[in-house]
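If you're matching them up, the sequences are chains A and B in order. With this note's numbering, you'll find the first sequence wraps up at 1250, consecutive numbering, no jumps. With this note's numbering, you'll find the second sequence wraps up at 1250, consecutive numbering, no jumps. Note that CB positions come from ideal geometry on N, CA and C, so glycine has one too.
2 protein chains.
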Amino acid sequence: MTTLGITGGRVLRPGMTVERADVLVDREAGEIVDVGSEVGADADERLDASEAVVLPGLVNAHTHVAMTLLRGYADDKPLDAWLREDVWPAEAAMGPEDVRSGARLGALEMIRSGTTGFVDMYFEVPEVAAAVDESGLRARLGHGVVTVGKEENEAREDAAESVAIAEELDGAAGGRVRTAFMPHSLTTVSDEILAEFLPEAREAGVPVHFHANETRAEVEPFAERGERPLTHARERGLLDPADFLAHGVHLDGEEIDHLAETGAGVVHCPASNMKLASGTAPVQRLLDAGVAVGLGTDGAASNNDLDMLGEVRDAALLGKLGADDASAVAAPDAVRMATAGSAAVAGLPGGRVAPGAAADLAVVSLDRAHLTPVHDPVSHLAYAARGGDVRHTVCDGRVLMRDREVLTLDADAVRATAQERAAALVDRAA
Amino acid sequence: MTTLGITGGRVLRPGMTVERADVLVDREAGEIVDVGSEVGADADERLDASEAVVLPGLVNAHTHVAMTLLRGYADDKPLDAWLREDVWPAEAAMGPEDVRSGARLGALEMIRSGTTGFVDMYFEVPEVAAAVDESGLRARLGHGVVTVGKEENEAREDAAESVAIAEELDGAAGGRVRTAFMPHSLTTVSDEILAEFLPEAREAGVPVHFHANETRAEVEPFAERGERPLTHARERGLLDPADFLAHGVHLDGEEIDHLAETGAGVVHCPASNMKLASGTAPVQRLLDAGVAVGLGTDGAASNNDLDMLGEVRDAALLGKLGADDASAVAAPDAVRMATAGSAAVAGLPGGRVAPGAAADLAVVSLDRAHLTPVHDPVSHLAYAARGGDVRHTVCDGRVLMRDREVLTLDADAVRATAQERAAALVDRAA
C-alpha cells in the first residue's frame, strides 16, 4: 500500500475527546489504518497538522447543491412566496449545464470548508454525480419527486425517474456515489404515486429521503384529519431504518417515538429553519429519545452557504434557545451530529477517526486569533471555527485540498463559469 | 493632506445600495473626502478593492474584550452557574497584564474581521485603553460597577472608579478612546449607589451603558412589584438620548415606547442570547418603533468569537425566527445595525461611507467560492461573508490590516502571550 500521514496534530476521537496523535491512511483502500503517536512519520505523502485538529470530514446530510447558483438571489421572504416567485421560476429555467456548474461550485465550497460527504436532492442528477466524481467527494444523490400540480402521466414519469436514477447511479464514482429514492415531501407527493413506486425503491435496495414536518403549514392538513405526518408516513411504509427525513421541526411526542422505534433518521437544518422562519426543531428531545440525528445546510439559497462548521454553531446555539436550557445541544453533541451523526443518518462511510474507518478527514487550523487560547478544541469546533479555518481536506484517502489549495477542481474556472451561468439563468427566469 | 485611495471595488452607501466607486481618504484628518469613480487613482497610498466591497468598519457595540482569554473555557451552562462557577472565579484571578493581553488578542481578532470600533465594559480599563491605542482601533470604554454582595465602602469605591475612569480616559489615544459610566445592570447595582453617582456621570458629560432585560430572572423582581425594569430605569434618570443598554431581550410594549421616546439605544447580542438561552429580542418590533438598535458580540466566552459579520447573520436569522416572519430583519437592516446602527448607539464616529465621515472602513473580498455568484452584495454581507473574508481594515484613516496582514500588532506575539496567560489564569482560578 502507499500511505498518507497526517502528522503533528491533535485528533478528535469518536468519543469526542482530543489527543495528540498522527493518522496513517492507506491511500488505495481509502481507509485509516492507524491513529497514534508518530504513526505517520514514514508515510509516502504527508500533511502537516501542527497547531491543528484532525477530525472526521464533515457530512452535509441534506442539501440541494446546485442551488449555489441562487445564493443571495432572493432573501427575506416566507417559504411559500420565495418558492413560487423566485426559486421555482429559476429552477424551471435551469438546464443540465447549470446543474453541473452549481454542483461544481458547491463541491468547491464544501472541500474548502472540510465537508467530505453530502446528501443531495435535485434534478439532472447525473450532472451532480459527475461533479462528485471529478471533485473527489462522496455523496448520496437522488431525484426529487413532486406530483402536486402535475398530470398523472407526468407525475408517474417523475417518480419513475427517481427510482431509475437511484438504480443506475448507485456505486458510481468508484463507489463514492450512493443513491436514494427521494419523494420531495408528504404533501407534495400523492399517496397513490408513493404506493406505486415505494416497492420499486425497496426492491432496488435504496433508502428513502424526504422533507417532513418543516413548517406548520405542512403539518396542518394532517392535523385537520386528526393525524400526524410521521404516523401517516410510517403507515405508508416509510421510516425504514435506513430512511431519513430533512427538517423535523414540528414533531410531537408520538412522532419522536416513531423515529426512535424505527431507527429512521432526522437531518436538522438550523440555519434554513431560522431563515425561512420555519421554527425550532426539538433537537435535544430527539437526542434524548435516541433518534439518529444528522446535520445539513439545506440549499445555499436558504442559508446562504454550505459551511458545516457554521451549521454546527447554529445547531448548538439554536438548540439551547429552543430547549430554554443553556446546557442543551452541548458542543460535543453538535460536533458529533455533523460527523458521525450525519454519516450514520445518510448511510455514508466516514464520521470517525479510527482504524478501519473511511479516510474522510478535515484538518482545522487552531493558530488563529479567533481560536486563541485553546482551552478545549471541541468547544472551538462547535463555536468559533469556520469553514475558512480548514487547512486540508481528504476523502477516500485522497487529498482534495492541501494548505487551502483545492487539487481536484480549478477554483477560478469553477467560480467564473458559475457567475456567468447564474447571471444568464436569472435573466432567463425574470 | 496625504491621501489613501481604496480603488477598483464596489462601495456600500448609507442607503444600503452598492455602487462601483473608489473611496478617497485624508489620512491626517482621518476622514473620507470623496466617494466616486476613479477618485482614488492618484492617492499617496492605495488599497486594492477589486472583486470586493468597501463598507463602513463594523462597530461591536457591546463586548468585554479581555474575556477572549476565557474563550471556550466553559460552555453549555446556564448564565447563573456559568458566572458563579467559571467566569467570576477566573475574573477574580485576572490581573492588569491579563486584561492587557486579552484586550490585545481581542483587538487583533477585531481588526482581522473588519471591526473598527467597539464598546467595552470591564475592569482594569487603562489596560484596555492601552490596547486600543496601540492597535489603532477606536472604542468607548468603561469600568463595570457591581454593588450586590459588597460592603457599602467597596460598592462606593467601585462606582467612584467608574466615574473617575470615564473622566480620565475620555479623549485618550488621540481622541479614539471615548468613555461611559457603566453600572453593570439594574439588578446588580443598588438604587442608592446609582442615585449618588449618576449625577457625577451627567456632570462629566459621559453616557451611561448598562445591561438590561437580558434574562427572565432579571425582569422578575420588577414584575413582582408590578413594575418593568426600563420604567424603573427611566424614573431613576437613566435613558438619556446618549445612554444605551445591552440585550433588551425581554421587553414589553411600554418599555419599547420608553426607548423610542427617549432615544436611548439597544445593543442586540443574538449569539450570546442564544448560547445562554436568554431568549429572543424583539428586534423587528424595536426597528418598527424607531428605536436605535446596534449589534454586539458580548464577550467571547458566550459567543465564542468577536466576528461581527457572523453576528449580522445571527441577527438576520434569529430576527426572522423570533418574529415568525421570514421577511423580518432583512439583510440591509441587519448590515445597517452592525455599522450605522452600532455607531449611532455607541456614539462613535464611523458607520457610513460618505464624504465627511470618519475613515473607518472594512474591505470584504467577494472572490470566494462561498460568495459566488454575486447577485446582491448586501445579501452576502448579511448571510454568507465571515470575518475571514475581510481583506483590509482602516480606522481613523490608518491602515490597520492590509491583505490580511495586521500592521499595528505582532499577531504571533499577541497569540503566544494570550495562550500562556490564559493557561496560567485558569490554573490559578481552579
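Contact check, residue i vs residue j, beta carbons under 8 Å
i: R847(A); j: T827(A); result: no
i: R1036(A); j: H1070(A); result: yes
i: H1088(B); j: A1101(B); result: yes
i: P876(B); j: T1117(B); result: no
i: L1229(B); j: V1219(B); result: no
i: N973(B); j: Y1203(A); result: no
i: M1002(A); j: M914(A); result: no
i: E1038(B); j: T1007(B); result: yes
i: G835(A); j: A1179(A); result: no
i: H1195(B); j: A1244(A); result: no
i: A1151(B); j: D896(A); result: yes
i: L844(A); j: D854(A); result: yes
i: V1149(A); j: V1198(A); result: no
i: A986(A); j: A1024(A); result: yes
i: V945(B); j: L989(B); result: yes
Identity of the residue in the options nearest residue i by Cα
i: E947(A); options: V966(A), G937(A) and A927(A); result: A927(A)
i: E865(A); options: Y893(A), D1072(A) and G1217(A); result: G1217(A)
i: P1049(B); options: G1161(B), A1032(B), E1240(B) and A1121(B); result: A1032(B)
i: V1173(B); options: V873(B), M1002(B) and G994(B); result: V873(B)
i: A923(A); options: V1026(A), A1250(A), T1237(A) and V1246(A); result: T1237(A)
i: G994(B); options: V1111(B), R1056(B), E954(B) and E1020(B); result: E954(B)
i: S1005(B); options: V1194(B), V845(B) and T967(B); result: T967(B)
i: V1086(A); options: W902(A), L903(A), E944(A) and L1115(A); result: L1115(A)
i: L1126(B); options: G1208(B), F943(B) and E971(B); result: G1208(B)
i: A881(B); options: M1128(B), V1149(B) and D1247(B); result: M1128(B)
i: A894(B); options: D854(A), N1093(A), L889(A) and S1147(A); result: S1147(A)
i: A1084(A); options: V1113(A), P1090(A) and D1072(A); result: V1113(A)
i: V965(A); options: E988(A), L989(A) and V1009(A); result: V1009(A)
i: G825(A); options: A861(A), S857(A), W902(A) and G856(A); result: A861(A)
i: G892(A); options: V907(A), V879(A) and P1041(A); result: V907(A)
i: L1058(A); options: L903(A), A912(A) and P1019(A); result: P1019(A)
i: G1110(A); options: A1135(A), A1121(A), L1079(A) and L832(A); result: L1079(A)
i: R1222(B); options: G1176(B), V1234(B), V843(B) and A869(B); result: A869(B)
i: V1165(B); options: L903(B), A1043(B), V1028(B) and L957(B); result: V1028(B)
i: A992(A); options: G962(A), A901(A) and R976(A); result: G962(A)
i: F1017(A); options: G856(A), H1067(A), E1034(A) and R1056(A); result: R1056(A)
i: D1144(B); options: N1093(A), D1108(A), S1162(A) and G1139(A); result: N1093(A)
i: F1030(B); options: G1130(B), L1014(B), A1163(B) and P1041(B); result: L1014(B)
Integer Cβ distance of residue i from residue j, believed to fall under 8 Å
i: L1137(A); j: K1095(B); result: 5 Å
i: R960(B); j: T999(B); result: 6 Å
i: E1081(A); j: T1051(A); result: With 8 Å as the limit, E1081(A) and T1051(A) do not qualify as a contact, their Cβ atoms being about 12 Å apart.
i: E871(A); j: D1187(A); result: 4 Å
i: P1193(B); j: Q1104(A); result: About 37 Å separates the two Cβ atoms, so there is no contact after all.
i: A1182(A); j: V1210(A); result: 5 Å
i: A949(A); j: V997(A); result: 5 Å
i: F938(A); j: V1026(A); result: About 16 Å separates the two Cβ atoms, so there is no contact after all.
i: A1120(B); j: P909(B); result: The Cβ separation is near 17 Å, so there is no contact.
i: A1066(A); j: D1134(A); result: Not a contact, Cβ separation roughly 15 Å.
i: I852(A); j: P1175(A); result: 6 Å
CB contact check: residue i to chain D, cutoff 8 Å
i: M1094(A); result: Absent from the structure is chain D; the protein chains it does hold are A and B.
Exercise for review: Please specify which runs of the alpha helix (DSSP H), each continuous and at least 4 residues long, are wholly inside the stretch 1168–1224 of chain B, giving them in chain order.
Suggested key: Listed in chain order, the complete alpha helix (DSSP H) runs (minimum 4 residues) inside the stretch 1168–1224 of chain B are 1197–1203.
Review point. Which runs of the alpha helix (DSSP H) spanning at least 4 residues fall entirely within the stretch 1100–1132 of chain A, listed in chain order?
Key: Runs of the alpha helix (DSSP H) lying entirely within the stretch 1100–1132 of chain A, each at least 4 residues long, are 1103–1108 in chain order.
Practice item. Taking only runs that begin and end inside the stretch 1031–1060 of chain A, name each unbroken alpha helix (DSSP H) of 4 or more residues, in chain order. Key: Note on the stretch 1031–1060 of chain A: whole alpha helix (DSSP H) runs with a minimum of 4 residues are 1036–1044 and 1049–1055, in chain order.
Exercise for review: Using a Cβ-Cβ cut-off of less than 9 Å, list which residues of the stretch 883–911 of chain B approach chain A; keep chain order.
Suggested key: Contact residues of the stretch 883–911 of chain B toward chain A are T888, L889, L890, R891, G892, Y893, A894, D895, D896, K897, P898, L899, A901 and W902 (C-beta to C-beta distance below 9 Å).
Check your understanding: For the stretch 851–934 of chain A, which segments carrying the beta strand (DSSP E) assignment without a break, of at least 3 residues, lie completely within its bounds, in sequence order?
Key -> DSSP runs (the beta strand (DSSP E)) wholly in the stretch 851–934 of chain A: 851–856, 865–868, 872–876 and 878–883.
Practice item. Identify every run of the beta strand (DSSP E) within the stretch 946–987 of chain A, keeping only runs that are complete inside it and at least 3 residues long; order them along the chain. Key: Segments of the beta strand (DSSP E) lying fully in the stretch 946–987 of chain A: 958–965.
Exercise for review: May I ask you to list, following chain order, the residues of the stretch 1189–1203 of chain B that have a beta carbon less than 9 Å from some beta carbon of chain A?
Suggested key: Going along the stretch 1189–1203 of chain B in chain order, one finds A1189, H1190, L1191, T1192, P1193, V1194, H1195, D1196, P1197, V1198, S1199, H1200, A1202 and Y1203 with a Cβ nearer than 9 Å to chain A.
Point to revise | Proximal residues, the stretch 931–946 of chain A versus chain B, C-beta separation under 8 Å | key: Within the stretch 931–946 of chain A, those residues whose Cβ lies closer than 8 Å to any Cβ of chain B are, in chain order, R932 and S933.
Practice item. For the stretch 860–886 of chain B, enumerate the residues whose C-beta is nearer than 7 Å to any C-beta of chain A, in chain order. Key: Those residues of the stretch 860–886 of chain B that come within reach of chain A (Cβ to Cβ, closer than 7 Å) do not exist; the list is empty.
Review point. Quick one, which residues of the stretch 1145–1165 of chain A are near chain B if we go by CB-CB under 7 Å, in chain order?
Key: So the close ones are D1145, A1146, S1147, A1150 and A1151.
Point to revise | Under 7 Å (Cβ pairs) to chain B, residues found in the stretch 1225–1242 of chain A | key: Flagged, chain order: A1231, R1235, A1238, Q1239 and A1242.
Review point. Which residues, taken in chain order from the stretch 1202–1217 of chain B, show a beta carbon closer than 8 Å to some beta carbon of chain A?
Key: Answer in chain order: A1202, Y1203, A1204, R1206, G1207, G1208 and D1209.
Check your understanding: Along the stretch 915–931 of chain A, what residues have a CB closer than 8 Å to any CB found in chain B?
Key -> Taking 8 Å as the Cβ-Cβ cut-off against chain B, the residues of the stretch 915–931 of chain A that qualify are L925, L928 and E929.
Exercise for review: Identify each residue in the stretch 961–981 of chain B for which the Cβ-Cβ distance to at least one residue of chain A is less than 9 Å, and report them in chain order.
Suggested key: Against chain A - using a Cβ distance shorter than 9 Å - the stretch 961–981 of chain B contributes no residues.
Review point. What are the residues of the stretch 1077–1108 of chain B that lie near chain A, defined by any Cβ-Cβ distance shorter than 9 Å?
Key: Residues passing the 9 Å Cβ filter: P1090, A1091, N1093, M1094, K1095, L1096, A1097, S1098, G1099 and T1100.
Review point. In the stretch 827–839 of chain B, which residues sit with their C-beta less than 9 Å from some C-beta in chain A, listed in chain order?
Key: From the stretch 827–839 of chain B, no residue has a Cβ closer than 9 Å to chain A.
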